[in-house]
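Student: My structure is below; once you've seen it, I'll send some questions.
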Amino acid sequence: MKIKLIIVLFFTILGFIFPLASWAVNNETDAANVKCIECHERITPNVVNDWKLSHHSREGVTCAHCHGLDHTTSKDSEEARLPQPATCAECHEKQVKQFRSGKHALAWTVMNAMPTTHKLPMALTKGSKGCGGCHKIGEKTPEEVAQLKEEGSGYGHAACDSCHTRHIFSKQEARQPQACQTCHMGFDHPQWEMYSTSKHGVRALLKQNGVLPETAAGPTCQDCHMQDGDHEVRTPWGFLAVRLPLPEDEEWRKDQITIMQALGVLDPEGNPTPRLEVVKAADVIRSTQADFDKEREKLLNACSNCHSDKFAKGELAKGDDLIKKADHLLAEAIRIIASLYQDGVLEKPESYTYAFPDLLTFHDAPRPIEHRLFVMHLEHRMRTFQGAFHNNPDYSLWYGWSEMVVDLSAIKDMAEELREKYEANGGLAKNIQLETTTSPEGK
Amino acid sequence: MLRTIIFSSVLVSFLAIISVNATERSATTLSYACAGCHGTAGVSAGTSIPSLAGLPSEYFIEAMQKFKNGKRGATIMDRIAKAYSNEEIVAMAGFFEQQTWVAASIEVDAEVVAQGQTIHEDKCARCHLAAGKYTEYRLPRIGGQWADYLYFYMKNAQIEGFKQPQPKLMKKSLEGLTEAELTALAQFYAAQ
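Quick mapping for you: the protein sequence lines, in order, are chains B and R. Just so you know, we're using our numbering here: the first sequence kicks off at 30 and counts up by one. Just so you know, we're using our numbering here: the second sequence kicks off at 8 and counts up by one.
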């Protein structure tokens, strides 16, 4: 009786499996019969749903257009092509071309040009959990992508999806200031915090939530930095607020030279270093007056939608002046530490090219006094001038300038302490204990 | 013992057939009305009438809705589509999607096909993948479709103001193509 039941069950099951099996074979025999949606509706339903809401789905741009036709089963997911800007350029040629002429496209190159990048855990750089999470917006060569995969970085190598997020790729989303928020926030470039609490941002956000009418003025990030949807994003001063030609003002000129020395683009004698070429190639600094003026004109054009030319120029000039004043504080701090190297109080670390503080080593700098300098530069100097350009008085003053003043006085104290120890040790730099020096309060 | 085995397997197969018929009956019956032109299982015999077998249901439903609402220019389908409710359209979409595609069999000139392929690769391949055979969601299969149908579709698509559904980029791709080039494209796709 039991055996009979088992046999009956066996054939019943067979009866169901057989038609299913032949169906599967039929589908697999035709490569043109790839059915991505059928599976992915079960495996990653929101990916499919997002895409169905996208303009792509309406235009007949489906999975295979970006991911290719090679991945057809759960076992060959490696075969799915992961898109790069070149993929998007197949249809969005103009936008990709613009993108490539701006700073975003170079974000990956810039990240790799930073000495600190190569000292951080992979997860924090190429693995997207740190720098790479935002710098992924930069374009990568096919070789770089292949190497990334080999190194186990996994996913996240696309660029355009930084603003047009997967898989809805919404133009509307990318036009909102929030599209910039994930990356332009926090320690080194809190543009979101500055902008969103400035009157520009407050009005834009009030328009979004319907308090102000849609036609009221209230600029988004894109209104100034991506005018008419131009994907070429560049600014006059760039990220580091150093540029060529050097300023005519004698004192400022000297200060900028000192800062460029600490950035490692000029050597301690003031001659250009190989790093200058890297920085120029990565378009981090504007290297001609015309280049600077062009970007400045672009911004003034945006200002002129609401402000008189005189007003706008005056406000931007105040920002320039703050850079000059902030540079003086920073240059003094750099010179204090440089003199420690010069006098043998500090020994040149092996990783340094010159016996001179290196701002681009970030937190990997060898001593707390240089950590403090790094914070003064990357956190506080940035806030001072970015706050001015983004119309955020608190950022310019309390989170920027005021902190720089405090940094400078701390660095002076720390330098003095180091000198005292050095002398007490009979002039032996290596006996200076790192733990005993005051550590910075910042990050 | 043997009797039981035979009986149970026959019963299972029988039940399977019944259950399939029960769900497809209405859609199948509805599709009879289309068979005169589009063939019994969506494989059309006429060279200017498109095959429907295997069309993704999303594409099918949208095409029918557009015919119905006057959003897609037609010689005949606009009138036919009006006779069907949305539910019936959805049911037919499911039916045709299940049918197996059979490629058009027409005489083609190898040289013309080669010409068509060059234009296809230059202007159409980025969307109509796998020589036009790829189909998913709202992208119809054109590889193996009837040549005359394709030709008329493209020709109409070039006419300003003619309601022929097409993405902006397709419109741009078709711009300026001569009748000879359209013929070459149609032959290339039909030959797939």
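Glycine included, C-beta positions come from ideal geometry on N, C-alpha and C.
List the residues of chain D whose Cβ lies closer than 7 Å to the Cβ of Leu146 (chain R), in chain order.
Tutor: Chain labels in this structure do not include chain D; the protein chains are B and R.
Student: Please check if any C-beta of chain R sits within less than 8 Å of the C-beta of Lys64 (chain B).
Tutor: In the first sequence, residue 64 (chain B) corresponds to position 35, counting from 1. Yes - at least one Cβ of chain R is within 8 Å of the one on Lys64 (chain B).
Student: Does DSSP classify Pro265 (chain B) as helix, strand or coil?
Tutor: Numbered from 1 along the first sequence, position 236 holds the residue referred to as residue 265 (chain B). Reduced to three states, the DSSP call for Pro265 (chain B) is coil.
Student: What number of angstroms, rounded off, separates the C-alpha of Thr82 (chain R) from the C-alpha of Leu157 (chain R)?
Tutor: Stepping through the second sequence from its first residue, residue 82 (chain R) is reached at position 75. Stepping through the second sequence from its first residue, residue 157 (chain R) is reached at position 150. The straight-line gap from Cα to Cα measures roughly 14 Å.
Student: Looking at chain B, is there any beta carbon in it that lies within less than 8 Å of the beta carbon of Lys179 (chain R)?
Tutor: Within the second sequence, the letter at position 172 stands for residue 179 (chain R). So, not an interface residue.
Student: Which one or two residues does DSSP pair with Pro301 (chain B) in a beta bridge?
Tutor: For the purposes of this step, residue 301 (chain B) is taken as the residue at position 272 of the first sequence. Its beta-bridge partners are B:Leu295.
Student: With DSSP as the reference, identify every bridge partner of Leu146 (chain R), one or two as the case may be.
Tutor: Position 139 of the second sequence, counting from 1, holds the residue named residue 146 (chain R). Leu146 (chain R) pairs with R:Glu143.
Student: Among B:Gly258, B:Leu292 and B:Glu279, which one has its Cα closest to the Cα of Ala270 (chain B)?
Tutor: On the first sequence, residue 270 (chain B) is found 241 positions in, with the first residue counted as 1. Ala270 (chain B) has its Cα closest to that of B:Leu292, out of B:Gly258, B:Leu292 and B:Glu279.
Student: As a quick exercise: from B:Leu234, B:His186, B:Phe216 and B:Tyr184, pick the residue whose alpha carbon is nearest that of Arg204 (chain B).
Tutor: Residue 204 (chain B) sits at position 175 when you count from the first residue of the first sequence. For Arg204 (chain B), the nearest C-alpha among the options comes from B:Leu234.
Student: Only counting the same chain, and skipping five residues up and downstream in sequence, which positions put a Cβ closer than 8 Å to that of Arg378 (chain B)?
Tutor: On the first sequence, residue 378 (chain B) is found 349 positions in, with the first residue counted as 1. Note that residue 378 (chain B) is Pro in the sequence shown, not Arg. Excluding sequence neighbours, Pro378 (chain B) sits near Pro395.
Student: Excluding the 5 residues flanking Gly150 (chain R) on each side, which residues of the same chain have their C-beta closer than 6 Å to its C-beta?
Tutor: To locate residue 150 (chain R), count along the second sequence from 1; it is residue 143. Excluding positions up to five away in sequence, the list reads Ala138, Gly139, Lys140, Tyr196 and Gln199.
Student: Taking the alpha helix (DSSP H) that Asn141 (chain B) falls in, what are its first and last residues?
Tutor: On the first sequence, residue 141 (chain B) is found 112 positions in, with the first residue counted as 1. First-last of the alpha helix (DSSP H) with Asn141 (chain B): Ala136 to Ala142.
Student: Which residue marks the beginning of the alpha helix (DSSP H) containing Gln131 (chain B), and which one marks its end?
Tutor: As a position in the first sequence, residue 131 (chain B) is number 102, starting the count at 1. Position check: residue 131 (chain B) holds Gly in this sequence, whereas Gln was assumed. Neither: Gly131 (chain B) is in no alpha helix (DSSP H) and is coded neither H nor E.
Student: For Phe162 (chain R), which residues in the same chain have their Cβ closer than 8 Å to its Cβ, ignoring the five residues on either side in sequence?
Tutor: Indexing the second sequence from 1 puts residue 162 (chain R) at position 155. A quick correction: the sequence has Lys, not Phe, at residue 162 (chain R). Only Glu186 and Leu189 meet the Cβ criterion.
Student: Trp80 (chain B): buried (16+ other C-beta within 10 angstroms of its C-beta) or exposed?
Tutor: Along the first sequence, one-based indexing puts residue 80 (chain B) at 51. Burial call: buried.
Student: So, helix, strand or coil for Ala52 (chain R), using DSSP?
Tutor: Counting from one through the second sequence, the residue named residue 52 (chain R) turns up at place 45. In the structure shown, Ala52 (chain R) sits in coil (DSSP, three-state: anything other than H, G, I, E or B).
Student: So with Cβ pairs under 8 Å, would you call Ser199 (chain B) a contact of chain R?
Tutor: Stepping through the first sequence from its first residue, residue 199 (chain B) is reached at position 170. Cβ-Cβ to chain R under 8 Å: no for Ser199 (chain B).
Student: In terms of alpha-carbon separation, which member of B:Gln127, B:Glu324 and B:Glu298 lies closest to Glu261 (chain B)?
Tutor: On the first sequence, position 232 is the one that residue 261 (chain B) refers to. Glu261 (chain B) has its Cα closest to that of B:Gln127, out of B:Gln127, B:Glu324 and B:Glu298.
Student: Just to check my reading of the structure: Ser227 (chain B) and His419 (chain B) have Cβ atoms closer than 8 Å, yes? What is that Cβ distance to the nearest angstrom?
Tutor: If you number the first sequence from 1, residue 227 (chain B) lands on position 198. If you number the first sequence from 1, residue 419 (chain B) lands on position 390. Ser227 (chain B) to His419 (chain B), Cβ: 6 Å. Contact.
Student: Following the continuous alpha helix (DSSP H) through Arg448 (chain B), name the residue where it begins and the one where it ends.
Tutor: Here residue 448 (chain B) refers to the residue found at position 419 when the first sequence is read from its first residue. That run of the alpha helix (DSSP H) goes Ser431 to Ala453.
Student: Using only alpha-carbon positions, find the residue among B:His218, B:Gly162, B:Ser199 and B:Ile72 that is nearest to Tyr428 (chain B).
Tutor: Here the question's residue 428 (chain B) lines up with position 399 in the first sequence. Looking at the Cα atoms, B:His218 is the closest of the given residues.
Student: Is Ala154 (chain R) near Ala191 (chain R), with beta carbons less than 8 Å apart?
Tutor: As a working note, residue 154 (chain R) is residue 147 in the second sequence. As a working note, residue 191 (chain R) is residue 184 in the second sequence. Their beta carbons are not under 8 Å apart, which means Ala154 (chain R) does not touch Ala191 (chain R) by this criterion.
Student: At least one CB of chain B closer than 8 Å to the CB of Leu192 (chain R): is that the case?
Tutor: On the second sequence, position 185 is the one that residue 192 (chain R) refers to. No, Leu192 (chain R) lies away from the interface with chain B (no Cβ there is under 8 Å from its Cβ).
Student: Quick one: which chain B residues come within Cβ less than 8 Å of Cys131 (chain R)?
Tutor: Position 124 of the second sequence holds residue 131 (chain R). Going along chain B, no residue has its Cβ under 8 Å from Cys131 (chain R), so there is no contact; the nearest lies around 12 Å.
Student: Hey, out of B:Ala384, B:Leu426, B:Glu361 and B:Tyr383, whose CA is closest to Leu437 (chain B)'s CA?
Tutor: As a position in the first sequence, residue 437 (chain B) is number 408, starting the count at 1. That would be B:Glu361, whose Cα lies nearest to the Cα of Leu437 (chain B).
Student: Tell me the DSSP secondary structure of Lys481 (chain B) in three-state form.
Tutor: It is not possible to answer for residue 481 (chain B), since the shown part of chain B is limited to 30 through 472.
Student: Decide if Ile166 (chain R) is buried, meaning its Cβ has at least 16 other Cβ atoms within 10 Å, or exposed.
Tutor: By one-based count along the second sequence, residue 166 (chain R) stands at place 159. With fewer than 16 Cβ atoms within 10 Å of its Cβ, Ile166 (chain R) is classed as exposed.
Student: Comparing alpha-carbon positions, which option in B:Pro248, B:Asn75 and B:Lys64 lies nearest His96 (chain B)?
Tutor: Numbered from 1 along the first sequence, position 67 holds the residue referred to as residue 96 (chain B). Checked all of B:Pro248, B:Asn75 and B:Lys64; the closest Cα to His96 (chain B) is B:Lys64.
Student: Return no unless some Cβ of chain R is closer than 8 Å to the Cβ of Cys120 (chain B).
Tutor: The residue labelled residue 120 (chain B) in the question sits at position 91 within the first sequence. By this cut-off, Cys120 (chain B) is an interface position.
Student: For Leu273 (chain B), which residues from the same chain have a beta carbon less than 8 Å from its beta carbon, with the 5 sequence-adjacent residues on both sides left out?
Tutor: Within the first sequence, numbered from 1, the residue matching residue 273 (chain B) stands at position 244. Counting only Cβ-Cβ distances below 8 Å, and skipping sequence neighbours, we find Ile314, Arg315, Ser316 and Thr317.
Student: How about Gly373 (chain B) and Ala458 (chain B): do their beta carbons lie closer than 8 Å?
Tutor: Start at 1 with the first residue of the first sequence, and residue 373 (chain B) comes out as number 344. Start at 1 with the first residue of the first sequence, and residue 458 (chain B) comes out as number 429. Yes.
Student: What span of residues does the alpha helix (DSSP H) with His69 (chain B) cover, start to end?
Tutor: The sequence position of residue 69 (chain B) within the first sequence is 40, counting from 1. Its alpha helix (DSSP H) spans residues Cys65 to Ile72.
Student: Whose C-alpha, out of B:Tyr383, B:Leu358, B:Asp356 and B:His357, is nearest the C-alpha of Leu369 (chain B)?
Tutor: Within the first sequence, the letter at position 340 stands for residue 369 (chain B). Of the candidates B:Tyr383, B:Leu358, B:Asp356 and B:His357, the one whose C-alpha sits nearest the C-alpha of Leu369 (chain B) is B:Tyr383.
Student: Considering only the beta carbon of each residue, do Ile68 (chain R) and Val97 (chain R) sit closer than 8 Å?
Tutor: Working through the second sequence from its first residue, we reach residue 68 (chain R) at position 61. Working through the second sequence from its first residue, we reach residue 97 (chain R) at position 90. Closer than 8 Å, so yes.
Student: Assuming Lys339 (chain B) is part of the alpha helix (DSSP H), what are its boundary residues?
Tutor: Taking the first residue of the first sequence as position 1, residue 339 (chain B) is located at position 310. Counting along the chain, the alpha helix (DSSP H) containing Lys339 (chain B) begins and ends at Asp338 to Gln371.
Student: Express the C-alpha separation of Cys92 (chain B) and Gly181 (chain B) in angstroms, rounding to a whole number.
Tutor: By one-based count along the first sequence, residue 181 (chain B) stands at place 152. By one-based count along the first sequence, residue 92 (chain B) stands at place 63. Answer to the nearest angstrom: the Cα atoms are 24 Å apart.
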